[in-house]
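Visitor: The structure under discussion is supplied below as structure tokens; questions concerning it will follow.
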Amino acid sequence: MLSAIIRRLIHMIAVLFGISVLVFLIFFATPGANPAARIAGRNASPQTIARVERQFGLNKPLPVQYGLMMKKLFITQNLTSFVNLGEKVVPQVFRAAPITLSLVTGAAVIWIGFAVLIGLLAAAFRDTLIDRILMILSLIGISMPVFWVATMANLITQGQFHHSWLFSWVPPLGYVPFNTSPLGWFKALIIPWFTLAILYIGLYARVLRAALIETMQEDYIRTARAKGLSERQVLMHHALRSAMIGIVTLFGLDFGALVGGGALLTEVVFGLQGIGYLTYQALETLDLPMILATVIYASVFVVMSNAVVDILYAVIDPRARQAR
Amino acid sequence: MSDSQALLSVRDLSVSFRTRGGLIRAVDGVSFDVLPQQIFGIVGESGSGKSLTILSILNLIGDPNVIIAGSIRFAGQELVGAPAPVMRSIRGNKIAMIFQDPMTALTPVHTIGAQIIEQIRQHRQLSAAAAHQRMLDLLDAVGIPDPRQTFRRYPHELSGGQRQRAVIAMALSCDPALLLADEPTTALDVTVQAQILDLIRDLRIKFGSSIILITHNLGVVAEVADQVAVMYSGRIVEQANTADLFANPSHPYSWGLLGSMPVLDGPRKRLAAIPGLPPALDHRPPGCAFAPRCHFVRAACETTPPPLRAAPHPVACIIDEHERTSLRMEPLEQ
Amino acid sequence: MTEVKQRPAQGYWALALRKLMRNRSAMISVLVLVLIVLSCLSAPWYAKYVSHTNPFQSNLSGTIMRHGHAVEVLGAADNPLKLGIEPIGPSGRLGPYMLGADQQGRDVAARLLYGGQNSLLISSIAAIITLILAGLTGIIAGFFGGFIDAAITWALDALWAFPVFLLAISLSVVLIAHGLDIGPLRLDASSLALPISIIGIIYVPYVARPIRATVLTLRQSEFVLAAIGIGASPWRIVWRDILPNVISTIIVFAPLIIALNLLTEAALSFLSIGVQAPAASWGTIIHDGESLIYTRPLVAIAPGLLIVVTVIALNILGDGLRDALDPRAKLRL
């Protein structure tokens, strides 16, 4: 058991290492990339560029640069931004983390709740009008680009109908820390929560419905009915429990990816300065240290959530425990 | 045997399916009675309609295109067309069922103890502790070793035989008067089969239930059943008590079945297979369904389905009683 | 993934096609998609004969006739202080500026059609790249096994470990900023080949994995083992027994991957790292529309609606194909 954990950890570190190298190469080594020229600015003279190179150590061989970046990022934690000179990168990331966490957690609660409800109803009333309507709504949900939905949400809540009673409570775009005002925090996040959730509700409802329908064909469902249980009991205690296994693993992966900065588009359109927003800004300005920091941060979450999901799978599916 | 004695009384049961090609009759006018504390065997090959017959008792066929007609009376209650709440109070309670494959019959994500307790508490007002104790007693009664540890196990952690025992325990948890067993030993090893059959035989004594046992295996029937009905192509072609059936089989299909069984004692001879295949359900011949394969077929066999005639025990064949004895000894192959 | 115990019989494709044609919603989706494609292809005619403008050129000081008087394409805003400019609104009739103008005075309807060309082109070609690459790697890895399989799986896992969207953004940012200049290969920053190849590559692991799994299952199936037993060459086995099954998986994946690519391209273009100005795509037009959202919302609404309709149609078609070809397949989308 312990050796399995250690092997897993080594695998995770290897993956993170690979990703950090890949990011570094993409931004520092792509033909045409010239970080020094970017920092120096447009039309900088060759002397300026050379000075910038020396100052930031960009004239050293690539592996050395990589080593230096990694050291500053993880060990001495004083990696500074190329754009906002002097500003330390790591604290910025940690300041942005709670914002992303608030956004993603709230959206997750909403999307799991609705998706389970919709998936259950659609499977229970399979092939009736209810089922068709719910599935059409889910289909629409997964077909709308999230940044467009966000823009539409802004249009409605901040623009046309802002002064009507429906949306006058919506605060201007941006994040309100929970400590400052819990109510403000809530009001600022509720529209972004639903926007982010719509896509995932559609996706998960469809997956759950398919999983439930498949599970309901199993023999043990017939046994459950033969025990005298009502359809509702059969669905909730026997079918759902089995069908949720797939959903939970899916959720683990999606949640991990979002917390790591995958909600970039939502954050940008709603002006929430979370990790995704930070990542986007860094990419736009080609702030290489910040890019390294955010991408590695994101990858850590993805890799960790993969591992957590594997462990979770053994917990919730008794059949998987044998393999451990 | 009068109707008032029978625990279960099936009259003219037919199970049909709506398909794009029309109505298909899988079970065609089946009638039989099951007495209290009787083990009633139904024998037939795949597709003879035996599973559908007992599934329709509890209305568990689960196909939206099925039509069940006829009468199934259980302790005075008509089951065909009974409303769902009535069926729910009977299922698992007065009539219980066990299925063929114990691996897929139990929900994989709940422990066997939890699944048994769920059935107990569905029909009985017992406290959690009392239900728990009853569950342990049941596991013990079916011969599961160490119930106090085993109840925590998940279905996949048990062997096939243990799983089937757990399924039987669960089915008996509310003292049903009637147990329906659909090929309970088919998915098990031969040695385990024998144990389960012993268990089933004991259950009649321990629990006082009647059992309808479905199988394609004549050996099982010989071991365990009191009464046997032989089904072919959705109809009962012969019905007798076990001793009679084996001593005096009267339908050509039964002759074929028995002739195809190897005999441990007696001269070794080639196993006679019945030539041909059962008719497709949508192409049943107008007369006797077995006529196309019957060695002794006559003109009348192909026009009208022979009714069950009661001499000496119900047989669906027009061959006269007296002719039968001599015909039976004829070898079936040319 | 699928449970195929024998080679697909003759007439398998014919039967599948008939099943598909009986599926009403799938047929409607095909119709909708054909209409969209045809409309987008008619962009040059629209620009020339209907809107009479060049949708790639700014029209900052033009005027057109509306309701009898000349109206400025980019007029003063409609607020008390006359601050800022406001492009002309939709006319609602077929003709110039039917859906209004964007902040550079360009005809939105015409740009939508040209944008559709780019969006659909990028999505489709990227999908072809993904499906071919995934098919090849899946088949080779699954069939030959051993070291080759291990190497390919490791590469796919490594690629997939990088959060997909971030990879797309990172590659796009770098390549779009500088263009690509490797040896003989020179791609200008505005070349469509850049988003096409980026989007084409990042989803390869996603498709390759199920294909590899299918091939692995098939490899163990009786008919393949029999073929190996009688000494058939590997290429022949792949061609006759494995490829038809993989092709049906690929066909089912195709519309879904195109839809995924469409959404990805729109997101990249929205962030200005996809299709580059002055070219248009549905994503860039949404980006343009964002700054006009409170005054001329149609600029942002219209391309989004087009994306939604196209993606819905592709999904319905994908479901229909799956039902026709392989009702037991499990796809994540």
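Residue numbers (the working numbering), protein chains in the order written: chain A, 515 to 838; chain B, 2 to 335; chain C, 2 to 334.
The beta carbon of each residue, even a glycine, is placed where N, CA and C say it ideally should be.
With respect to the alpha helix (DSSP H) encompassing Y254 of chain B, which residues constitute its N-terminal and C-terminal limits?
Guide: The residue labelled residue 254 of chain B in the question sits at position 253 within the second sequence. Start and end: 253–260.
Visitor: Under the three-state reduction of DSSP, which class applies to N242 of chain B: helix, strand or coil?
Guide: Counting from one through the second sequence, the residue named residue 242 of chain B turns up at place 241. Strand at N242 of chain B.
Visitor: Quick check: the Cα distance between F681 of chain A and Q672 of chain A, rounded to an integer number of angstroms?
Guide: As a position in the first sequence, residue 681 of chain A is number 167, starting the count at 1. As a position in the first sequence, residue 672 of chain A is number 158, starting the count at 1. Using only the alpha carbons, I get a separation of about 8 angstroms.
Visitor: Just mark M804 of chain A as buried or exposed, buried being the case when its beta carbon has 16 or more other beta carbons within 10 Å.
Guide: As a first step, residue 804 of chain A is located in the first sequence; it is residue number 290 there, counting from the start. Under this definition M804 of chain A is a buried residue.
Visitor: How far does the beta strand (DSSP E) with L786 of chain A in it extend, from its first residue to its last?
Guide: Reading the first sequence from its first residue, position 272 is the one you call residue 786 of chain A. Run containing L786 of chain A: none; DSSP gives neither H nor E here.
Visitor: Mind checking whether Y791 of chain A and L272 of chain C have CB atoms under 8 angstroms apart?
Guide: Position 277 of the first sequence holds residue 791 of chain A. Position 271 of the third sequence holds residue 272 of chain C. Taking 8 angstroms as the Cβ cut-off, Y791 of chain A and L272 of chain C do not qualify as a contacting pair.
Visitor: Would you report the Cα separation of L264 of chain C and S30 of chain C, rounded to the nearest angstrom?
Guide: One-based indexing of the third sequence puts residue 264 of chain C at position 263. One-based indexing of the third sequence puts residue 30 of chain C at position 29. Each residue's alpha carbon lies about 18 angstroms from the other.
Visitor: Could you tell me whether the Cβ atoms of W699 of chain A and F692 of chain A are closer together than 8 angstroms?
Guide: Residue mapping note: residue 699 of chain A aligns to position 185 of the first sequence, counting from 1. Residue mapping note: residue 692 of chain A aligns to position 178 of the first sequence, counting from 1. In this structure, F692 of chain A lies closer than 8 angstroms to W699 of chain A by Cβ.
Visitor: Just the C-alpha distance for P97 of chain C and Q787 of chain A, rounded to the nearest angstrom, thanks.
Guide: To locate residue 97 of chain C, count along the third sequence from 1; it is residue 96. To locate residue 787 of chain A, count along the first sequence from 1; it is residue 273. When rounded, the distance between both Cα atoms is 40 angstroms.
Visitor: Determine, for L749 of chain A, whether the minimum Cβ-Cβ distance to residues of chain B falls below 8 angstroms.
Guide: In the first sequence, counting from the first residue as 1, residue 749 of chain A sits at position 235. Closer than 8 angstroms: no.
Visitor: To which residues of the same chain is R833 of chain A closer than 6 angstroms at the C-beta, ignoring the five residues directly before and after it?
Guide: Residue 833 of chain A sits at position 319 when you count from the first residue of the first sequence. Closer than 6 angstroms at the Cβ level, and outside the excluded window around R833 of chain A, lies no residue.
Visitor: Which first and last residues belong to the beta strand (DSSP E) in which L593 of chain A is found?
Guide: Here residue 593 of chain A is taken as the residue at index 79 of the first sequence, counted from 1. That residue, L593 of chain A, is in no beta strand (DSSP E); it is neither H nor E in DSSP.
Visitor: Sorted by chain position, which residues of the same chain lie with C-beta nearer than 8 angstroms to L95 of chain C's C-beta, five sequence neighbours on each side aside?
Guide: Your numbering for residue 95 of chain C matches position 94 in the third sequence. So the qualifying residues of the chain are V51.
Visitor: Quick check: what's the CA-CA separation for L653 of chain A versus A543 of chain A?
Guide: The residue labelled residue 653 of chain A in the question sits at position 139 within the first sequence. The residue labelled residue 543 of chain A in the question sits at position 29 within the first sequence. Using only the alpha carbons, I get a separation of about 42 angstroms.
Visitor: Label I736 of chain A either buried or exposed according to how many other C-beta atoms from any shown protein chain fall within 10 Å of its C-beta, with 16 as the threshold for buried.
Guide: Working through the first sequence from its first residue, we reach residue 736 of chain A at position 222. Residue identity check: residue 736 of chain A is Arg in the sequence provided, not Ile. R736 of chain A comes out buried.
Visitor: Whose C-alpha, out of B:V316, B:I69, B:M98, is nearest the C-alpha of A178 of chain B?
Guide: Taking the second sequence and counting its residues from 1, the one referred to as residue 178 of chain B is at position 177. Nearest of B:V316, B:I69, B:M98 to A178 of chain B, Cα basis: B:M98.
Visitor: Return the residues of the region 663–681 of chain A that lie within a Cβ-Cβ distance of less than 9 angstroms from chain C, sorted by chain order.
Guide: Answer set for the region 663–681 of chain A: V663, T665, M666, N668, L669, Q672, G673, Q674.
Visitor: Using a threshold of 8 angstroms, state whether the C-beta atoms of L749 of chain A and A621 of chain A are closer than that.
Guide: Indexing the first sequence from 1 puts residue 749 of chain A at position 235. Indexing the first sequence from 1 puts residue 621 of chain A at position 107. No.
Visitor: Do you know how far the Cα of G209 of chain B is from the Cα of L257 of chain C?
Guide: Position 256 of the third sequence holds residue 257 of chain C. Position 208 of the second sequence holds residue 209 of chain B. In a straight line, the C-alpha of L257 of chain C is about 60 angstroms away from that of G209 of chain B.
Visitor: Whole angstroms is fine: what's the gap from G770 of chain A's alpha carbon to S819 of chain A's?
Guide: Taking the first residue of the first sequence as 1, we reach residue 770 of chain A at position 256. Taking the first residue of the first sequence as 1, we reach residue 819 of chain A at position 305. Whole-angstrom Cα-Cα distance: 5 angstroms.
Visitor: Along the chain, where does the alpha helix (DSSP H) that runs through I25 of chain B open and close?
Guide: Translated into positions along the second sequence, residue 25 of chain B becomes position 24. I25 of chain B -> not in any alpha helix (DSSP H); beta strand (DSSP E) instead, spanning 23–35.
Visitor: For L204 of chain B, collect the residues of the same chain with a Cβ closer than 8 angstroms to its Cβ; drop the 5 residues on either side in sequence, then sort them by chain order.
Guide: Working through the second sequence from its first residue, we reach residue 204 of chain B at position 203. If we look at L204 of chain B and ignore the five residues flanking it on each side, its Cβ neighbours are I169, L173, L180, S210, I212.
Visitor: Taking only the alpha-carbon atoms, compute the straight-line gap between H525 of chain A and L536 of chain A and give it to the nearest angstrom.
Guide: Position 11 of the first sequence holds residue 525 of chain A. Position 22 of the first sequence holds residue 536 of chain A. Rounded to whole angstroms, H525 of chain A to L536 of chain A spans 16 angstroms at the Cα level.
Visitor: By the DSSP assignment, the alpha helix (DSSP H) with I805 of chain A in it spans what residues?
Guide: Mapped onto the first sequence, residue 805 of chain A falls at position 291. First-last of the alpha helix (DSSP H) with I805 of chain A: 802–830.
Visitor: Taking the Cβ atom as the reference point for each residue, do R210 of chain C and L157 of chain C lie within a distance shorter than 8 angstroms?
Guide: One-based indexing of the third sequence puts residue 210 of chain C at position 209. One-based indexing of the third sequence puts residue 157 of chain C at position 156. Taking 8 angstroms as the Cβ cut-off, R210 of chain C and L157 of chain C qualify as a contacting pair.
Visitor: Whose CA, out of A:R739, A:L754, A:M758, A:L806, lies closest to the CA of I91 of chain B?
Guide: Stepping through the second sequence from its first residue, residue 91 of chain B is reached at position 90. Per the Cα distances, A:R739.
Visitor: Would A837 of chain A be called buried (16 or more neighbouring beta carbons within 10 Å of its own) or exposed?
Guide: Translated into positions along the first sequence, residue 837 of chain A becomes position 323. Only weak support is given to the placement of A837 of chain A: the predicted model assigns it a pLDDT of 45, under 50, and the value that follows is read from those uncertain coordinates. Looking at its Cβ environment, which holds fewer than 16 other Cβ atoms inside 10 Å, A837 of chain A is exposed.
Visitor: List the residues of chain B whose Cβ lies closer than 7 angstroms to the Cβ of D733 of chain A, in chain order.
Guide: By one-based count along the first sequence, residue 733 of chain A stands at place 219. By Cβ distance, chain B contributes F100, D102, T105, A106.
Visitor: From this set, B:T20, B:I43, B:L198, B:R26, which residue's C-alpha is nearest H217 of chain B's C-alpha?
Guide: Within the second sequence, the letter at position 216 stands for residue 217 of chain B. Nearest option by C-alpha distance: B:I43.
Visitor: Find the residues of chain C that neighbour I540 of chain A, judging by a C-beta separation of less than 7 angstroms, and give them in chain order.
Guide: As a position in the first sequence, residue 540 of chain A is number 26, starting the count at 1. Per Cβ cutoff of 7 angstroms: S171, L172, V175.
Visitor: With the cut-off set at 8 angstroms, would you say F33 of chain B and L214 of chain B are in Cβ contact?
Guide: Along the second sequence, one-based indexing puts residue 33 of chain B at 32. Along the second sequence, one-based indexing puts residue 214 of chain B at 213. For F33 of chain B and L214 of chain B, no; Cβs fall outside 8 angstroms.
Visitor: H111 of chain B and G742 of chain A look like a contact to me (Cβ under 8 angstroms); what is the Cβ gap, rounded to whole Å?
Guide: In the second sequence, the residue the question calls residue 111 of chain B occupies position 110. In the first sequence, the residue the question calls residue 742 of chain A occupies position 228. The pair is not a contact, with the Cβ atoms about 16 angstroms apart (cut-off 8 angstroms).
Visitor: Look up G108 of chain C in the DSSP assignment and give the residues it is bridged to.
Guide: Counting from one through the third sequence, the residue named residue 108 of chain C turns up at place 107. For clarity, residue 108 of chain C is Asp in the given sequence; the question names Gly instead. According to DSSP, which records beta bridges pairwise, D108 of chain C is partnered with C:A102.
Visitor: Tell me which same chain residues have a C-beta within less than 6 angstroms of the C-beta of V231 of chain B, skipping the five on either side of it?
Guide: Residue 231 of chain B sits at position 230 when you count from the first residue of the second sequence. Within the same chain, V231 of chain B has close Cβ partners V44, V238, E239, S255.
Visitor: Does any residue of chain A bring its CB to less than 8 angstroms from the CB of H309 of chain C?
Guide: Stepping through the third sequence from its first residue, residue 309 of chain C is reached at position 308. Note on identity: in this sequence residue 309 of chain C is Val, with His being the wrong assignment. Cβ-Cβ to chain A under 8 angstroms: yes for V309 of chain C.
Visitor: For chain B, check one thing: does any of its Cβ atoms lie closer than 8 angstroms to the Cβ of L643 of chain A?
Guide: Within the first sequence, the letter at position 129 stands for residue 643 of chain A. No, L643 of chain A lies away from the interface with chain B (no Cβ there is under 8 angstroms from its Cβ).
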